[in-house]
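Peer 1: Order-wise, the sequence lines are chains A and B. With our numbering, the residue at position 205 of the first sequence is 187, and numbering never jumps. With our numbering, the residue at position 50 of the second sequence is 48, and numbering never jumps.
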Amino acid sequence: MTGIATSLGQVAGTLALIAVAIAVSFWRKADLEEDIAVAVVRSFVQLTIVGYVIKAIFDSDSLWLVVLLLAFMVVFGAWTARGRAKAVPHAFVPLLIALATAAAVTLGMVLVLNVFEPKPRFMVPVGGMVIGNAMTSASVALNRLADEIHDKANLIEATLALGATARQATVRLVARGLRSGLIPLIDQTKTTGVVFFPGTMVGALLGGATPLNAVRLQLILLWTLLGAAALSSLIATTLAQSRFFTPSHQLVEPPPP
Amino acid sequence: MSYTRGGNRVLRDLSMQIAPGATALLGPSGSGKSTILRLLNRLADPDEGVVRMHGDDVRAVDVLALRRRAMLVPQLPAPLPGTVAENVRYGPSLIDREVEVAPLLERAGLDGGYAERDAAQLSVGEQQRVMLARALALEPEVLLLDEPTSALDETARDEIERTLLDLRERVSIVLVSHDRAQAERLTTRTVRIEAGAVAP
C-alpha cells in the first residue's frame, strides 16, 4: 500500500459540496443550514486534533499511549451512549463495561490471531472503529430495551405476579433490544460490496492497495465490528436490565394506574 | 401503612385485616384499592408500615414464593405471546412443575379446546378466563382480583362472576371493585376505601 497525499486546498475544494448541501436545505426550507455549518466546523476541528494526536502516537510508537487513547475513547463512548440512552437508569457503568470488554476481546483476538501487528498504526484506527460501532450498537440496544420495558410494563408486572424473576419477565424484551442493536450492522455486512463500498475498502483502494488486499482488510474489519457490536450489545442489555427493577423484582417505574 | 407515588400520597395510615374467605375492597377510582393489591403481593412496598400474611412480614419471605401464594389477576388481560396452554403452563414451569391444562381451563370457565389457540387472538372475556386459569395453575392461597370484569360486556361479566362464585369455595379472594352490587354478589365482607384510607 502506498501513501496518499492530500493538500488543504483539495480539502477546501470539497466545501463546494457543503455549499450544495446548504443550498438544498435553504431551498427546501429544511432549516438545517446552521446544523450543517456546525457539523463542518466540528468535523474539521475534531479530526485535525485527532490527526495531530495520532501523529504524535505514531511517532512515539508507544503501545501504552495507544492503550491510553483507547481507554479515553471507551470512557467518552460510554458517556456519549449514556446521553443517547437517557431512559435507562444509571446506564454509564453498563456501557463502560460493555465497550471496554468489546474492545479488549476483539482487539485482543485480532492480535492473538496475528491479523494486525501490535503497532499504533493498526491499533488506533481499528480500535476507534471497534469502539465507535460498539457504542452505537449498545446505545441502540439499550434505547430499544427501555422503550420495550416502558411500553410493556403491564405485561412485565403480570409476569412478575406469576412468580417470574425480573430477568425471566424481560427475557423477550432483552432479545428485542439485542436485535435492534445488531440488525443495522448485520444488514451492512450482508449488503457490503453490492449496495455500497465500505469506508475501509475505499480508503485502502485510494491508498494504493490491490483490490483483493482491500477486500480482505475490509472483511477482517467487518467481522471484527460485528463481534464487537454483539458483545457490547449483549453486555450492555444484560447489565442494564436489572437497573429497571428493585432487588425485590419490582419495576422501578410501575405502569400508570 | 402509607404509600406515595409520583409525589401523590395514595395510601395514608391505612390499617386493615383481611380474613380468609371472600373480601371486597370497594371504593371510587383513584381511592387506592388497586395499590393495596400491589402491596399484598409486593409488586410495590409501602413507604411506612408493614404488610403481614399469617402474621409474617411479607418482606421477610421469598418474594417470588409470596407472589405464587397471593396471586394477582390484573385488571386488563396481559397474555404472554403463545398459546393458551403455554400461558397456563408458564407459572408452574418457573418452578419446574407440570400441570394439566384442560382441567384448569374448565375451572376458569373455558373448555379444553382452547388450549392450542393463540391467546392474543381471543376476546377480552376469554383472555380474562385464561388469566384466571394461569393464576390457578399455581394453586394460590388467595386470588387478588383487580376489577376483573371492568373491560367486559354484561354477558361476559356474568360468566366470569359465575366462575368466581365457584372458585371462592376453594380459594380466598380479595376483589377490588367500584361496583357495590358486584361486591355483594361475589364476596361476604366489604371494606370501603376512600382517599387512601379505610372509610369509617
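Ideal placement from N, C-alpha and C gives every residue a C-beta, glycine not left out.
#1: Terminal residues of the continuous alpha helix (DSSP H) containing I158 of chain B?
#2: What's the gap between the Cα of L160 of chain A and the Cα of Y88 of chain B?
#3: Roughly how many angstroms lie between the CA atoms of G(-5) of chain A and T(-12) of chain A, to the nearest whole one?
#4: Specify whether the stretch 208 to 217 of chain A and the stretch 35 to 50 of chain B touch according to this definition: at least 3 beta carbon pairs, one from each stretch, less than 8 Å apart.
#5: Within its chain, find whatever has a CB closer than 8 Å to the CB of P100 of chain A; leave out the 5 residues flanking it on each side and keep chain order.
#6: From the DSSP output, read off the bridge partner residues of L23 of chain B.
#7: Give me the chain A residues within the contact set of L62 of chain B, using Cβ-Cβ distance strictly less than 8 Å, ordered along the chain.
#8: Name the DSSP beta bridge partners of L(-10) of chain A, please?
#9: Can you tell me whether DSSP reads T(-16) of chain A as helix, strand or coil?
#10: Below 7 Å between beta carbons is the criterion; list the residues of the stretch 81 to 92 of chain B that meet it against any residue of chain A, in chain order.
#11: Would you mind working out which of B:L108, B:G47, B:A135 and B:A179 sits nearest E96 of chain B, comparing C-alpha positions?
#12: What do you get for F178 of chain A, buried or exposed, if any count of 16 or more other CB atoms within 10 angstroms of its CB means buried?
#13: Among the residues of its own chain, which have a CB less than 7 Å from the CB of I0 of chain A, if the five just before and after it don't count?
#14: Select from the stretch 128 to 141 of chain A all residues with a C-beta closer than 8 Å to any C-beta belonging to chain B, and list them in chain order.
#15: Inspect the beta-carbon positions of A38 of chain A and V56 of chain A and report whether they are closer than 8 Å.
#16: Taking the Cβ atom as the reference point for each residue, do G145 of chain A and L92 of chain B lie within a distance shorter than 8 Å?
#17: Q150 of chain A and P180 of chain A - do their beta-carbons sit closer together than 8 Å?
#18: On the CB-based measure, 16 or more other CB atoms within 10 Å of its CB, does I31 of chain A come out buried or exposed?
#19: With a threshold of 8 Å between beta-carbons, can P239 of chain A be considered close to chain B, or not?
#20: Give, in chain order, every residue of the stretch 65 to 77 of chain A whose Cβ lies closer than 7 Å to some Cβ of chain B.
#21: Alpha carbon to alpha carbon, what distance is there between V48 of chain B and Y1 of chain B?
#22: Confirm, please, whether the CB-CB distance from M111 of chain A to L89 of chain A is below 8 Å.
#23: Between A131 of chain B and the rest of its own chain, which residues show a CB-CB distance below 6 Å, the 5 nearest in sequence each way excluded?
#24: May I ask you to report which of helix, strand or coil DSSP gives S0 of chain B?
#25: May I have the straight-line CA-CA distance separating L213 of chain A from A85 of chain A, to the nearest angstrom?
#26: Within 10 Å of its beta-carbon, does R65 of chain B have 16 or more other beta-carbons around it, so buried, or fewer, so exposed?
#27: I'd like to know if P18 of chain B contacts chain A, where contact means its C-beta is closer than 8 Å to some C-beta of that chain.
#28: Mind checking S32 of chain B: buried by the 16 CB within 10 Å criterion, or exposed?
#29: For a minimum of 3 consecutive residues, which ranges assigned as the beta strand (DSSP E) are wholly contained in the stretch 30 to 115 of chain B?
#30: Are at least three pairs of beta-carbons, each pair with one atom in the stretch 167 to 177 of chain B and one in the stretch 13 to 30 of chain B, less than 8 Å apart?
#31: Determine the closest residue to E15 of chain A out of A:V2, A:G33 and A:S42, with distance taken between C-alpha atoms.
#32: Considering just the uninterrupted stretch of the alpha helix (DSSP H) at N136 of chain A, what are its terminal residues?
Peer 2: Walking through what the data contain:
#1: In the second sequence, the residue the question calls residue 158 of chain B occupies position 160. Per DSSP, I158 of chain B belongs to the alpha helix (DSSP H) from E152 to L165.
#2: Stepping through the first sequence from its first residue, residue 160 of chain A is reached at position 178. Stepping through the second sequence from its first residue, residue 88 of chain B is reached at position 90. Their backbone Cα atoms lie some 23 Å apart in a straight line.
#3: Locating residue -5 of chain A in the first sequence gives position 13, counting from the first residue. Locating residue -12 of chain A in the first sequence gives position 6, counting from the first residue. Take the alpha-carbon of G(-5) of chain A and the one of T(-12) of chain A: they are about 11 Å apart.
#4: Taking 8 Å as the limit for Cβ pairs, the verdict is that the stretch 35 to 50 of chain B does not touch the stretch 208 to 217 of chain A.
#5: What you label residue 100 of chain A is simply residue 118 of the first sequence in a count that begins at 1. Correct list, in chain order: L45 and L93.
#6: The residue you call residue 23 of chain B lines up with position 25 of the second sequence. In the DSSP output, where bridge partners are listed per residue, L23 of chain B has B:V174 and B:V189.
#7: Taking the first residue of the second sequence as position 1, residue 62 of chain B is located at position 64. Those within 8 Å of L62 of chain B in chain A are G145, A146, T147 and H231.
#8: Counted from its first residue, the first sequence places residue -10 of chain A at position 8. Looking at the DSSP assignment, L(-10) of chain A forms no beta bridge with any residue, so it has no partner.
#9: Residue numbering aside, residue -16 of chain A sits at position 2 when the first sequence is read from its first letter. Bear in mind that the predicted position of T(-16) of chain A carries a pLDDT of just 49, short of 50, making it unreliable; the figure below should be weighed with that in mind. Correct three-state label for T(-16) of chain A: coil.
#10: Of all residues in the stretch 81 to 92 of chain B, only Y88, G89 and L92 place a beta-carbon less than 7 Å from a beta-carbon of chain A.
#11: Here residue 96 of chain B is taken as the residue at index 98 of the second sequence, counted from 1. Of B:L108, B:G47, B:A135 and B:A179, the residue nearest in Cα terms is B:A135.
#12: If you number the first sequence from 1, residue 178 of chain A lands on position 196. Exposed, because fewer than 16 other Cβ atoms sit within 10 Å of the Cβ of F178 of chain A.
#13: Taking the first sequence and counting its residues from 1, the one referred to as residue 0 of chain A is at position 18. For I0 of chain A, same chain residues with a beta-carbon under 7 Å away, outside a window of 5 residues either side, are I18 and V22 in chain order.
#14: Correct list: N136, L137, E139, A140 and T141.
#15: Working through the first sequence from its first residue, we reach residue 38 of chain A at position 56. Working through the first sequence from its first residue, we reach residue 56 of chain A at position 74. Contact flag unset, no.
#16: Counting from 1 along the first sequence, the entry for residue 145 of chain A is found at position 163. Counting from 1 along the second sequence, the entry for residue 92 of chain B is found at position 94. In contact: G145 of chain A and L92 of chain B (Cβ atoms closer than 8 Å).
#17: Within the first sequence, residue 180 of chain A is the residue found at index 198, counting from 1. Within the first sequence, residue 150 of chain A is the residue found at index 168, counting from 1. No. Outside cutoff.
#18: Here the question's residue 31 of chain A lines up with position 49 in the first sequence. With fewer than 16 Cβ atoms within 10 Å of its Cβ, I31 of chain A is classed as exposed.
#19: Sequence index remark: in the first sequence, residue 239 of chain A carries index 257 (1-based). It does: the Cβ of P239 of chain A has a partner Cβ on chain B nearer than 8 Å.
#20: Against chain B - using a Cβ distance shorter than 7 Å - the stretch 65 to 77 of chain A contributes no residues.
#21: Mapped onto the second sequence, residue 1 of chain B falls at position 3. Mapped onto the second sequence, residue 48 of chain B falls at position 50. Going from the Cα of Y1 of chain B to the Cα of V48 of chain B covers about 11 Å.
#22: Taking the first residue of the first sequence as position 1, residue 89 of chain A is located at position 107. Taking the first residue of the first sequence as position 1, residue 111 of chain A is located at position 129. Judged by their CB atoms, L89 of chain A and M111 of chain A are not nearer to each other than the 8 Å cut-off.
#23: Your numbering for residue 131 of chain B matches position 133 in the second sequence. Answer for A131 of chain B: V86, L102, L103 and A106, listed in chain order.
#24: Stepping through the second sequence from its first residue, residue 0 of chain B is reached at position 2. Three-state result, S0 of chain B: strand.
#25: Residue 213 of chain A sits at position 231 when you count from the first residue of the first sequence. Residue 85 of chain A sits at position 103 when you count from the first residue of the first sequence. Their Cα atoms are separated by approximately 9 Å.
#26: Here the question's residue 65 of chain B lines up with position 67 in the second sequence. Counting Cβ neighbours within 10 Å, R65 of chain B comes out buried, since at least 16 surround it.
#27: Position 20 of the second sequence, counting from 1, holds the residue named residue 18 of chain B. Not an interface residue.
#28: As a position in the second sequence, residue 32 of chain B is number 34, starting the count at 1. Classification for S32 of chain B: buried.
#29: Counting only runs of 3 or more, we get 68 to 71.
#30: Yes, the stretch 167 to 177 of chain B touches the stretch 13 to 30 of chain B.
#31: Position 33 of the first sequence, counted from the start, is the residue given in the question as residue 15 of chain A. Comparing alpha-carbon positions, the option among A:V2, A:G33 and A:S42 lying closest to E15 of chain A turns out to be A:V2.
#32: Taking the first residue of the first sequence as 1, we reach residue 136 of chain A at position 154. That run of the alpha helix (DSSP H) goes A135 to L142.
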